[in-house]
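What the sequence shown shows, in numbering that gives the first Met the number 0, is residues 0 to 230, in sequence order.
Ideal Cβ placement from N, Cα and C applies to all residues, glycine included.
None of the values given here were measured: they were computed from a predicted structure.
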Amino acid sequence: MNSSEAIIEIRDLQYTYAGSNKPTLVIPEFNVKKGEELFLFGPSGTGKTTLLECLSGVLKPTSGSLKVLGHDLVTMSSADRDAFRAEHMGYVFQSFNLIPYLSVIENIELPLHLSPVRKSRLGSVDTDMVIRALCGNLGIGELLDKKVTELSVGQQQRVAVARALLGKPDLLLADEPTSALDADHREKFLKLLFELAELYGTTVVFVSHDRGIENLFSRSLSLESINRATS
Ligand SMILES: Nc1ncnc2c1ncn2[C@@H]1O[C@H](COP(=O)(O)OP(=O)(O)O)[C@@H](O)[C@H]1O
Ligand SMILES: [Mg+2]
């Protein structure tokens, strides 16, 4: 696949929550190219999280076509979408979703337990060494045996990113994970994230209501410019 190819291709996508009488997403067309660092912004309630959940295969679009790496998630079974996500995607949640009773390293290893293919993406090298190198790059190399509840918000965020990037996923989806950080930390964090994403060939889709960071991305777009749903 060359770098100008689309990693995400959306045509006529609609998503309507069960019990709702109008769609949350109506997206006629939207593409993301491989290698992009895309910033999608919009106020709260405009469907950012809903779109990321469709992209990750957590939610199945009500109609239309949503291709990731050429595979249409709309026609896949729920189990196939779960396997596809585990194999190809990293997800950084707004609240990080770290497991409080596990250590830092156990949290980071989780995706490998969910997908043998993800584990095989590490190659023949020792998993522990790969995690240590990645965490060294993220500045959390000293924290691996700590409980995640002992960490600061900024440290937890780096753990969430390490977990998402382990195994070099094709696509990293991030849902406002910087909202708890101050401006200086946000910028440092994003530069580090992009450095690793570029090294790994990982495409980044990052959603936020906070436009203070948009100039750091390779492309920036308002969700309302692609989503025709009216709230
Ligand atoms: N589980 C749900 N059931 C019904 N409606 C929902 C659900 N989650 C979100 N919505 C609605 O979908 C719209 C978009 O929400 P969301 O995707 O969370 O927006 P954002 O992430 O931009 O704040 C909102 O109107 C919200 O009320
Ligand atoms: Mg949201």
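- Query: To the nearest whole angstrom, what separates the beta carbons of residue 152 and residue 179, a pair I think is in contact under 8 Å?
  - Reply: Contact between residue 152 and residue 179 is confirmed by a C-beta separation of about 5 Å, below the 8 Å threshold.
- Query: Within the chosen definition, does the segment 70-83 reach the segment 149-169 through at least 3 CB pairs nearer than 8 Å?
  - Reply: No contact exists between the segment 70-83 and the segment 149-169.
- Query: Out of 97, 100, 32, 89, which has the shortest C-alpha to C-alpha gap to residue 68?
  - Reply: Selected option, being the one with the closest Cα: 32.
- If you draw a straight line from the alpha carbon of residue 133 to that of residue 6, how long is it in whole angstroms? If you take the alpha carbons of residue 133 and residue 6, they lie about 24 Å apart.
- 3 or more residues per run - each beta strand (DSSP E) lying fully within the segment 42-116: List check, beta strand (DSSP E) in window: 62-67, 88-91.
- Message: Less than 8 Å between the C-beta atoms of residue 188 and residue 205, yes or no?
- Response: 8 Å or more divides the Cβ of residue 188 from the Cβ of residue 205.
- Task: Can you tell me which of 200, 202, 219 puts its alpha carbon nearest to the alpha carbon of residue 209?
- Result: It is 219 whose Cα lies nearest to the Cα of residue 209.
- Query: For the alpha helix (DSSP H) that contains residue 199, what are its first and last residues?
  - Reply: 182-199 is the span of the alpha helix (DSSP H), which, as asked, contains residue 199.
- Task: Would you identify the three-state DSSP class for residue 36, choosing helix, strand or coil?
- Result: Note: residue 36 maps to strand in three-state DSSP.
- Alpha-carbon to alpha-carbon, residue 4 and residue 10: C-alpha separation (whole angstroms): 16 Å.
- Residue span of the alpha helix (DSSP H) that contains residue 232, given as start and end: Residue 232 falls outside the range modelled here, since the chain spans only 0 to 230, and no answer is possible.
- Query: So residue 50 and residue 24 are in contact, right, with Cβ under 8 Å, and what is the actual spacing, rounded?
  - Reply: So it is a contact: roughly 6 Å between Cβ atoms.
- Mapping DSSP to helix, strand and coil, what is residue 169? In the structure shown, residue 169 adopts coil according to DSSP, grouped into three states.
- Do residue 142 and residue 91 have their CB atoms nearer than 8 Å? No. Outside cutoff.
- Residues sharing a beta bridge with residue 12, DSSP: For residue 12, which the question treats as bridged, DSSP gives the partners 26.
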